[in-house]
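Protein chains in written order, with our numbering: chain A, 77 to 857; chain B, 0 to 95. No residue lacks a Cβ here, since even glycine has one placed at the ideal position from N, Cα and C.
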Amino acid sequence: MPASTTAHRAGNVPAELTTFIGRRREVAEVRRLLTASRLVTLTGVGGAGKTRLSLRVASELERAFPDGVWFVELAALEDQAVLTQTVASALGVHDRTARWPAPALAKYLADKKLLLVLDNCEHLRNACAILADTVLRAAPDVRVLATSRQALGLTGEHTFQVPTLSVPDGDGMPPLDALEQYEAVTMFVDRAVAVQPEFALTQENFEAVVRVCQRLEGIPLAIELTAVRLRALAVAEVLERLDDRYGLLTAGSPGALPRHQTLRALIDWSSSLCSEDERTLWARLSVFAGEFDLAAAEVVCAGGDIRRNDVLDLLASLVDKSIVIAEHPAGRVRYRLLETIRQYGQDLLRDDREELALRQRHRDYYADLVEKACAGWLGPEQEQWLQHLLRAHSNLRAGLEFCLTEPGQAETGLRMASELWFYYIATGLTSEGRRWLERGLELGADPTVWRARALWVCSYLCVIQEDLAAARPMIRECRDRAEDLDEPYAAAWAGQLAGMVAMSEGELTRSRDHLQDAVHRHEANQDWIGVLDASFYLVAVTALLNELHRAGELCEEALVLCDSHGERWLKSYLRWDLGLVAWQLGDMGRAAESGRDGLRLAREFNEQWAIAFGIELLAWTAHAADRHVRAAALLGAADRIWRRVGAPLFGMRHLNSYHDDCKEQLQSLLGESFDAQFRKGVAMTIDHAIAFALEEPEAAPQQRATLHEASSLTPREGEVADLVAQGLSNRAIASRLVIAQRTAEAHVEHILSKLGFTSRAQIAAWVAEHHPHEPDTVAPA
Amino acid sequence: MAGEAEGRFFLVDWVLPTTSMSDVKAAQHALEEASRRMVSEGEPVRCLRSTYLPRQQRWICLFAADSAESVRKTHEMAQIPVRHVEEAVELPVSRS
């Protein structure tokens, strides 16, 4: 998902949902490889745990990289052409320019010290390799950790084949008290306890557990899928069914199954244990790219024997069986399938002639979402619609891809892509939006209304990218099509775009005339978002023509319209416009106030372009108010964001002279200290820069984190760590917490692994560091 | 060489107002790597000529390939946006 929903912290490593078992040696080795090589690729079969291992390494290295560790999930990305923009979005880079994305990203990363994790590269192997190479050549302090079924094939790449979890060898059976050294057994017990809290490894069942783990060859995903069976079966029964299944597959020679078939066999078994309706739902859910919610599943997957009301129960059942993963971000439930499981579901679907109809339903659902978002955009729910679309981003892509590859669907693709115009601008996904539209325009040559609308949207994105050569013919065609079809909506936008092009060309009077006409046309069409959008540019060009009072009037009228509809996105731009006019009129107080208002609104949408404009304006007003030190820092803060979006005052080049004057004057006034203040601003994160610009009080010191907040320990693990620090043995901990000793041992193992420790003494020291006022503990021997 | 034998050539032309010479060089490197990978996967694409016009900030490349789609795919792999791939005719030049 693009980064617009994430806070501006350095890094985005997702939290782990389940306990990470063992792998201390592997984690240490991968960490060592990353110190020796700037590109490390984790390879291995599906289900081997590549992603989990990469996540574990990523979380352990977060503090080692000042600019963070950034995780980019690529499984759902089909189109290699948007790989770079996907990575850039994950990094929170909203480049609106027509710069080639790869060099632009490389330039952004050139001075960064960060770790980039590219997860699930296999289907985009070549493109990932080339992008990684481009980045590594330009950014000496960036390292890349990739996961893929095969190496990327670059010079200097170190590969690490992720082994399966350790299991006892051959026919030998270790004693019960020696099993804790086998990771597969530990994982099985951990997952079993999750579904069956009373489960414990005992003298009665340990041999069956070992055999199960051997059968599963220590493949983590296979163990996950099997352990959930303990809801209904005893371990011996699970083993019996595995033996039956493998016997069929290997003609009675247990253990002869090739590893990649072991997982397949396990998934086949999981499938056979599902009801027919559950299997059908599983197959249908494979159409989703990335995460989805219940509403989407109900609409897309209901049909035939599955009624809409049945979907929830079936989905819950698949979650219980670990086929579907349920996550609960911010109180909402989101579902997804692991890639291996999803591909299995797709295979089930290919046997089903419903596939095309299903993909069409999927497309229709998301096209409907886009239509609703577009209709609801002018209103108080803009932020919610934006978040909704961001969460659906992978599925929007899948829907658009369907439209542009399936015969006869291009028109719907043009409609979907056109209706997303505000989304591309608000999120900085201008290159991606342009790509969808250009592909659709190439396919859909008929002179339809949606072609006309797609032309204005595409030309808008071209103008934002300052690619006027590409925009001009599209605007001409849009105008001609609109006239032929008597389509006033597209005609109005064509006029607006002509005004925007003229503005970029410096033809300000012509621009003003076009934009004024466009506002009137939008008003006649009752296209209020068009009125507001055109007004933003009209106010700016009127101000540049030095008709300041008129510009102020136009802006105030537009702001009233914003408030009447509860519109906030364009209001952020118009507040900036008002600030610019006030600054030019010499009313610095009003300029600063408007700048701050616009900045607060831009922050709601994480609209980096508007944020940069706001901070820039506040730098000018600070300078005008003789707060020169502050002004220099604000210029630095704005500069950092301008580099992310493309160029200083991108899209408003005519204001460059104001920026340059401000900077020169500050350099003259501050002398050498200007550079230090400027650098201070450059060093600010976006959140910090906004707070600094708004002069918000610093956040209250955080409460000291609890043990489990300070690390990735679960609450129970935090309790156990505390008891370890008090010197209790595993047996005593088990007794204190009323759990099995084996469970206590597993918790200690997990704590050691998560914290990267090798002894209980280290745990005690760590606890003491995080809770210094706790009673003195006696470090265990 | 595939493409050349059948005489299929394709021209790709960019106007790059915001792109530096170093960006063009990096892109060329990426294109060469992408071509190499396309060849290894049985879809030969070869860049025959690469010319940069500094005053116009324009980059023109000539490719030999079996199809325009192969040329486009190579660019996508190299992360270079390409809008138009035109089939071209190479005219022999007399050396007399």
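Counting C-beta neighbours from all protein chains within 10 Å, is the total for residue 476 of chain A 16 or more, i.e. buried, or is it exposed?
Taking the first residue of the first sequence as position 1, residue 476 of chain A is located at position 400. Label assigned to residue 476 of chain A: buried.
Quick one: grab the DSSP three-state call for residue 379 of chain A.
Start at 1 with the first residue of the first sequence, and residue 379 of chain A comes out as number 303. Strand.
Would you call the CB atoms of residue 416 of chain A and residue 606 of chain A closer than 8 Å?
For the purposes of this step, residue 416 of chain A is taken as the residue at position 340 of the first sequence. For the purposes of this step, residue 606 of chain A is taken as the residue at position 530 of the first sequence. Contact flag unset, no.
From which residue to which residue does the alpha helix (DSSP H) around residue 175 of chain A run?
For the purposes of this step, residue 175 of chain A is taken as the residue at position 99 of the first sequence. Element bounds for residue 175 of chain A: n/a, residue is neither H nor E.
So, with DSSP's three-state summary, where would you put residue 63 of chain B?
Along the second sequence, one-based indexing puts residue 63 of chain B at 64. Here residue 63 of chain B sits in strand by DSSP.
Along the segment 144 to 173 of chain A, what residues have a CB closer than 7 Å to any CB found in chain B?
156, 157, 159, 160, 173
Would you call the segment 16 to 36 of chain B in contact with the segment 152 to 160 of chain A, where contact means no fewer than 3 C-beta pairs closer than 8 Å?
no
Could you tell me which chain B residues have their CB closer than 7 Å to the CB of residue 206 of chain A, listed as they occur along the chain?
Taking the first residue of the first sequence as position 1, residue 206 of chain A is located at position 130. Residues of chain B passing the Cβ test: 29, 32, 33, 76, 77, 78.
I'd like to confirm the pairing. Which residues does DSSP put opposite residue 640 of chain A in its beta bridges?
As a first step, residue 640 of chain A must be located in the first sequence, where it is residue number 564. Answer is none; residue 640 of chain A lacks a bridge partner.
Give a yes or no on whether the minimum CB-CB distance between residue 177 of chain A and chain B is below 8 Å.
If you number the first sequence from 1, residue 177 of chain A lands on position 101. Yes, residue 177 of chain A counts as interfacial toward chain B.
So if I threshold CB-CB distances at 8 Å, which residues from the segment 189 to 221 of chain A count as touching chain B?
202, 203, 205, 206, 207, 209, 210, 213, 214
According to DSSP, simplified to helix, strand and coil, what is residue 46 of chain B?
Here residue 46 of chain B refers to the residue found at position 47 of the second sequence. If DSSP states are grouped into helix, strand and coil, residue 46 of chain B belongs with the strands.
For the segment 676 to 748 of chain A, which segments carrying the alpha helix (DSSP H) assignment without a break, of at least 4 residues, lie completely within its bounds, in sequence order?
684 to 700, 704 to 721, 732 to 746
Which two residues bound the contiguous beta strand (DSSP E) that contains residue 13 of chain B?
Here residue 13 of chain B is taken as the residue at index 14 of the second sequence, counted from 1. Residue 13 of chain B -> beta strand (DSSP E) spans 8 to 14.
Given that residue 431 of chain A touches chain B, what residues does it touch there, using C-beta distances under 9 Å?
The residue labelled residue 431 of chain A in the question sits at position 355 within the first sequence. The contacting residues do not exist; residue 431 of chain A stays about 25 Å from chain B at best.
With a Cβ-Cβ cutoff of 8 Å, do residue 346 of chain A and residue 301 of chain A count as a contact?
Indexing the first sequence from 1 puts residue 346 of chain A at position 270. Indexing the first sequence from 1 puts residue 301 of chain A at position 225. In this structure, residue 301 of chain A lies closer than 8 Å to residue 346 of chain A by Cβ.
In the segment 513 to 539 of chain A, which residue ranges form an unbroken alpha helix (DSSP H) of at least 4 residues, counting only runs that do not cross its ends?
none
Got a sec: is the Cβ-Cβ distance from residue 18 of chain B to anything in chain A below 8 Å?
One-based indexing of the second sequence puts residue 18 of chain B at position 19. By this cut-off, residue 18 of chain B is an interface position.
What's the C-alpha gap between residue 367 of chain A and residue 684 of chain A?
Here residue 367 of chain A corresponds to residue number 291 of the first sequence, with the count starting at 1. Here residue 684 of chain A corresponds to residue number 608 of the first sequence, with the count starting at 1. In a straight line, the C-alpha of residue 367 of chain A is about 26 Å away from that of residue 684 of chain A.
Give me, in chain order, the residues of the same chain whose beta-carbon lies closer than 7 Å to that of residue 70 of chain B; leave out the 5 immediate sequence neighbours on both sides.
As a position in the second sequence, residue 70 of chain B is number 71, starting the count at 1. Excluding sequence neighbours, residue 70 of chain B sits near 9, 11, 44, 62, 64, 84.
Give the list of continuous beta strand (DSSP E) stretches no shorter than 3 residues that lie fully inside the segment 292 to 318 of chain A.
none
Please tell me whether residue 25 of chain B has its Cβ less than 8 Å away from any Cβ of chain A.
Indexing the second sequence from 1 puts residue 25 of chain B at position 26. So yes, residue 25 of chain B belongs to the interface.
According to DSSP, simplified to helix, strand and coil, what is residue 97 of chain A?
Position 21 of the first sequence, counted from the start, is the residue given in the question as residue 97 of chain A. Looking at residue 97 of chain A - three-state DSSP - the assignment turns out to be coil, as it is neither helix nor strand.
Sequence-distant residues of the same chain with beta carbon closer than 6 Å to residue 509 of chain A, five excluded per side
On the first sequence, residue 509 of chain A is found 433 positions in, with the first residue counted as 1. Around residue 509 of chain A: 500, 537.
How about the segment 86 to 105 of chain A and the segment 140 to 148 of chain A: do they share at least three Cβ pairs that are nearer than 8 Å?
yes
Grab me the residues of residue 284 of chain A's own chain with a C-beta within less than 6 Å of its C-beta, minus the 5 sequence neighbours each way, in chain order.
Counting from one through the first sequence, the residue named residue 284 of chain A turns up at place 208. The answer, listed in chain order, is 311, 312, 315.
Rounded to whole angstroms, what's the CA-CA distance from residue 526 of chain A to residue 177 of chain A? Just pull it up for me.
Position 450 of the first sequence, counted from the first residue, corresponds to residue 526 of chain A. Position 101 of the first sequence, counted from the first residue, corresponds to residue 177 of chain A. If I take the Cα positions, the gap works out to 28 Å.
C-alpha distance - residue 391 of chain A paired with residue 423 of chain A, whole-angstrom precision
Counted from its first residue, the first sequence places residue 391 of chain A at position 315. Counted from its first residue, the first sequence places residue 423 of chain A at position 347. Roughly 19 Å separates the two Cα atoms.
Suppose contacts are defined by Cβ-Cβ distances below 8 Å. Is residue 766 of chain A in contact with residue 644 of chain A by that definition?
Here residue 766 of chain A is taken as the residue at index 690 of the first sequence, counted from 1. Here residue 644 of chain A is taken as the residue at index 568 of the first sequence, counted from 1. No.
What do you get for residue 388 of chain A, buried or exposed, if any count of 16 or more other CB atoms within 10 angstroms of its CB means buried?
In the first sequence, the residue the question calls residue 388 of chain A occupies position 312. Burial call: exposed.
Three-state secondary structure (DSSP) of residue 237 of chain A
As a working mapping, residue 237 of chain A is identified with position 161 in the first sequence. Note: residue 237 of chain A maps to strand in three-state DSSP.
Within the continuous alpha helix (DSSP H) that includes residue 400 of chain A, where are the two ends?
Counting from 1 along the first sequence, the entry for residue 400 of chain A is found at position 324. Looking at the DSSP string, residue 400 of chain A is not in any alpha helix (DSSP H), and its letter there is neither H nor E.
Are the beta-carbon atoms belonging to residue 132 of chain A and residue 212 of chain A less than 8 Å from one another?
For this step, residue 132 of chain A is matched to residue 56 along the first sequence. For this step, residue 212 of chain A is matched to residue 136 along the first sequence. No; because the gap between Cβ atoms is not below 8 Å, this pair is not in contact.
Residues near residue 716 of chain A in its chain [Cβ-Cβ closer than 6 Å; skip 5 each side]
Residue numbering aside, residue 716 of chain A sits at position 640 when the first sequence is read from its first letter. Excluding residues within five positions, the ones whose Cβ falls inside 6 Å are 758.
Please classify residue 119 of chain A: does DSSP put it in a helix, a strand, or coil?
One-based indexing of the first sequence puts residue 119 of chain A at position 43. Residue 119 of chain A: strand per DSSP, three-state reduction.
Return the chain-ordered list of same chain residues with a C-beta closer than 7 Å to the C-beta of residue 130 of chain A, the five sequence neighbours on each side being excluded.
As a working mapping, residue 130 of chain A is identified with position 54 in the first sequence. Here the set comprises 118, 193, 195, 221, 223.
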